[in-house]
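2 protein chains.
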Amino acid sequence: MAVTIRDVAKAAGVHVSTVSRTFSAPNLVNAATRERVLAAAQRLDYRPNRAASALTTGRTHNLGLIVADIANPFFPPLIKAAQAYAREREYHVFVADTDEDPQAEEELIQTLAKQVDGVVLVAPRLTNLAIERLGMDLPFVVVNRRVKGLSAVLMDIGHGTEEAVEHLAGLGHRRMMLIGGPRASWSSEQMSRSGVAAAARLGVEMTVTGPNSPTEQGGVEASAAVLESGATAVIAYNDLVAIGVIEGLNDRGVDVPGAVSVVGVDDTVTGRLNRPKLTTIVMPTPAAGRTAVDLLLQAVAGGRTAAQATLETSLTVRDSTGPAPD
Amino acid sequence: MAVTIRDVAKAAGVHVSTVSRTFSAPNLVNAATRERVLAAAQRLDYRPNRAASALTTGRTHNLGLIVADIANPFFPPLIKAAQAYAREREYHVFVADTDEDPQAEEELIQTLAKQVDGVVLVAPRLTNLAIERLGMDLPFVVVNRRVKGLSAVLMDIGHGTEEAVEHLAGLGHRRMMLIGGPRASWSSEQMSRSGVAAAARLGVEMTVTGPNSPTEQGGVEASAAVLESGATAVIAYNDLVAIGVIEGLNDRGVDVPGAVSVVGVDDTVTGRLNRPKLTTIVMPTPAAGRTAVDLLLQAVAGGRTAAQATLETSLTVRDSTGPAPD
DNA sequence: CCTTCGACGGCAAGCGGTTGCGGAACTCTC
DNA sequence: GAGAGTTCCGCAACCGCTTGCCGTCGAAGG
Chain X
1 MAVTIRDVAK AAGVHVSTVS RTFSAPNLVN AATRERVLAA AQRLDYRPNR AASALTTGRT
61 HNLGLIVADI ANPFFPPLIK AAQAYARERE YHVFVADTDE DPQAEEELIQ TLAKQVDGVV
121 LVAPRLTNLA IERLGMDLPF VVVNRRVKGL SAVLMDIGHG TEEAVEHLAG LGHRRMMLIG
181 GPRASWSSEQ MSRSGVAAAA RLGVEMTVTG PNSPTEQGGV EASAAVLESG ATAVIAYNDL
241 VAIGVIEGLN DRGVDVPGAV SVVGVDDTVT GRLNRPKLTT IVMPTPAAGR TAVDLLLQAV
301 AGGRTAAQAT LETSLTVRDS TGPAPD
Chain C
1001 MAVTIRDVAK AAGVHVSTVS RTFSAPNLVN AATRERVLAA AQRLDYRPNR AASALTTGRT
1061 HNLGLIVADI ANPFFPPLIK AAQAYARERE YHVFVADTDE DPQAEEELIQ TLAKQVDGVV
1121 LVAPRLTNLA IERLGMDLPF VVVNRRVKGL SAVLMDIGHG TEEAVEHLAG LGHRRMMLIG
1181 GPRASWSSEQ MSRSGVAAAA RLGVEMTVTG PNSPTEQGGV EASAAVLESG ATAVIAYNDL
1241 VAIGVIEGLN DRGVDVPGAV SVVGVDDTVT GRLNRPKLTT IVMPTPAAGR TAVDLLLQAV
1301 AGGRTAAQAT LETSLTVRDS TGPAPD
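Protein chains in written order, with my numbering: chain X, 1 to 326; chain C, 1001 to 1326.
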């Protein structure tokens, strides 16, 4: 059917092993022969069959990328970057969506295992224990989570949160509220911790609410708590929540940023296009995707190293924050 | 290393071929032996190596899904649905992003070719000719494009556009404008055609502008033309453009939907969360993803059939359209 | 009791590459 | 000009699984 290494060998008048070597270990073959082989390969439009070589080498040149929900606007930039970066390194990537289901996640990993050299797990829903167990068999990199023995890339929301608090304090806000995300969210915890610390340092008041659904609806619901608290500035778990908060406040006749300032997190398209344009803590999702692939390839090549990368976040000021009302 | 068919065979006291058959052709093996094999497989946690079987059967149980830009909010729901649907059928999917580069697209297809049973091309940037040529070697399904000899799934924007025109006419609008997308866009053409026809039928005026960049910026730029034309209703190429138009109009002191009504296309999250919430022509992207995979699997199984599926679009009315001003 | 026939399962040759081993041909050295 | 080293390449086994072919065995038929 397709042209194989044997066809090339015949055409070039050499043994298949020579053809194989000209591709995988060119220095082992004489320059002249190499030319001949390459010419023949070119002529026949030969392309090595990765699956076949995987069989003997154990390297598939494929990666898995598992996310909770492809349609959540937080993920696509990460997927895009990871995939592009992998491709530059001659790796293809399976993208899979678990629909937030740990069961599906585990199954997916197991069926994927034989076909990939490693897996990137973004914000996994599995327990640490389960991940550790799976990690015995296959290199993993987790994003925004810490699992013993595995490489991780963490987006340090702490720094961005501090910047946000400083920004708001600088605008004269004295009572702030932080709207947390889902119960088990690592970044939600990080945010709370740094937000509270920064507020204390600056001598402003900070209350934390939550858990909340990480959606617009969650934001709408949380807006009541904002009003009750008397806060004039809000840092929301993500852009969607921030938009929900703004919507909820507007519905109650409260202007943003006139009466209350709102800060989001993630810097999604949706936030950028919102009216008012969202002031937001930018998550370096493309960098996270690239870094994850990078660490994964290192782990694949270098054996059991559990590296860690921490990426900084920072505040981008747009129109949803303004001076505190008098 | 990993547990293979041989380990299972040894454990069950049978030949490897028997093990193979209990998985790929269970009816050829006696129920009792089958039980024994399955028990052994279970005990050893055996999982067949797809890559290895692909080598002999020619079926990889993998699919490719190639899109122009993963980060464009139009694609993720399609990717998500395609991937989920494929997985139910025991297929994994490689997702790749061409970054709108035809060159990259072709290369991608070629390197992927050996590892997949077929490819879904969403809004490809390659020429029809190139696609046809590639289609000789590998089953393809194209989405929102028609290529001779290949299966296609088309989202018929025509119906939704008619609905939009009727909706606007019903609100009393008499001068409308249709803001087209990129030059070579199939759906942009469809829109124009049906929009103009519907307008003629209803006896209202319809002007078409374009080409425009399919982005917010493109919308902002087009907003000038809207004002000049004196149109009181606009149908934009997609939600992003619609948002841009609204922004451009607002910046010029024109209220939406007070003075001008705006309709988008796609029904993205971003449009749903916009203020005002976008009236939009809903593109059935999840269904398109599923259907594409469906047709692809048919083509993979059944040989060279070039089926076509047309999916309907329809209007969802929200807050960006209203009665024509007096 | 012998033939015929299914059903079952073992045998072995691949699928398309990779790779350790060893031999042939050269180059060097003394 | 023989021995030692190198370089290059062919040989063949193997990776994990599939599948056409054939032998065995028990049951059915005569």
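All C-beta atoms in this analysis are idealised placements derived from N, C-alpha and C, irrespective of residue type, glycine included.
A quick note: this is a predicted structure, and the numbers were derived from the prediction, not measured.
- No Cβ-Cβ contact shorter than 8 Å links VAL260/X with ALA242/X.
- For LEU1171/C, the three-state secondary structure derived from DSSP is coil.
- Restricting attention to alpha helix (DSSP H) runs no shorter than 4 residues, the region 1053 to 1088 of chain C encloses them at 1075 to 1088, ordered along the chain.
- Not flagged as an interface residue toward chain C: ALA236/X, since no C-beta distance is shorter than 8 Å.
- For GLU1216/C, at least one C-beta of chain X is nearer than 8 Å to its own C-beta.
- Here PHE75/X is actually not in contact with VAL1093/C; their C-beta atoms are around 16 Å apart, not less than 8 Å.
- For ILE1243/C, the C-beta contacts it makes with chain X under 7 Å involve LEU273, in order along the chain.
- Excluding the 5 residues flanking it on each side, PRO325/X has same chain C-beta neighbours closer than 8 Å at THR232, GLY258 and ALA259, in chain order.
- With distances taken between CA atoms, GLU1035/C lies nearest to ALA1012/C out of ALA1012/C, PRO1182/C and THR1057/C.
- Taking C-alpha positions only, LEU1038/C is separated from THR57/X by approximately 28 Å.
- Residue environment analysis places ALA1224/C among the exposed positions, since fewer than 16 neighbouring C-beta atoms fall within 10 angstroms of its C-beta.
- Assigned with DSSP and collapsed to three states, SER1314/C falls in strand.
- Excluding the 5 residues flanking it on each side, TYR1091/C has same chain C-beta neighbours closer than 6 Å at HIS1061 and LEU1063, in chain order.
- With contacts defined as CB atoms closer than 8 Å, PRO124/X and ILE131/X qualify as a contacting pair.
- At a cut-off of 8 Å between C-beta atoms, ASP1117/C does not count as an interface residue with respect to chain X.
- Within the region 72 to 84 of chain X, PRO73, PRO76, PRO77, ILE79, LYS80, GLN83 and ALA84 place their CB atoms closer than 7 Å to a CB of chain C, listed in sequence order.
- In this structure, LEU1295/C lies near ALA1307/C, with their beta-carbon atoms less than 8 Å apart.
- For THR1060/C, the neighbours in chain X by C-beta distance under 7 Å run, in chain order, ALA51.
- Against chain X, the beta carbon of ALA1054/C has neighbours under 7 Å at ALA51, listed in chain order.
- In the three-state DSSP reduction, MET136/X falls in the coil class, being neither helix nor strand.
- Taking C-beta atoms under 8 Å as the contact rule, PRO1276/C and THR1313/C fail to qualify, at a distance of about 21 Å.
- The beta carbon of VAL1003/C sits closer than 6 Å to those of LEU1044 and TYR1046, all from its chain and outside the five residues before and after it, given in chain order.
- Within chain X, the residues whose beta carbon sits less than 7 Å from that of VAL1269/C are PRO73 and THR270, listed in sequence order.
- The beta carbon of GLY195/X sits closer than 7 Å to the beta carbons of THR161, VAL165, LEU178, MET206 and ILE235 from its chain, once the five residues preceding and following it are set aside; these are given in chain order.
- Taking the C-beta atoms as reference points, ASP1239/C is found nearer than 8 Å to VAL1265/C.
- Near chain C, meaning a CB-to-CB distance below 9 Å, the residues of the region 83 to 105 of chain X are GLN83, ALA84, ARG87, GLU90, HIS92, VAL93, PHE94, VAL95, ALA96, ASP97, ASP99 and ALA104.
- In the three-state reduction of the DSSP assignment, SER151/X falls in the strand class.
- Here PRO323/X is exposed: its Cβ has fewer than 16 other Cβ atoms, across all protein chains shown, within 10 Å.
- Not a single CB atom of chain C sits nearer than 8 Å to the CB of LEU278/X.
- LYS80/X has its alpha-carbon roughly 38 Å from the corresponding atom of GLY1253/C.
- Taking a 10 Å sphere around the C-beta of HIS1015/C, we find fewer than 16 other C-beta atoms and assign the residue as exposed.
- By the Cβ criterion, the region 1138 to 1156 of chain C is not in contact with the region 1208 to 1221 of chain C, since fewer than three pairs of Cβ atoms, one from each stretch, lie closer than 8 Å.
- Residue range 1092 to 1097 is occupied by the beta strand (DSSP E) that includes VAL1095/C.
- Rounded to whole angstroms, the gap between the alpha carbons of ASN128/X and ASP69/X is 20 Å.
- Secondary structure at ALA1309/C: strand, using DSSP grouped into helix, strand and coil.
- For SER1261/C, the enclosing beta strand (DSSP E) starts and ends at 1261 to 1266.
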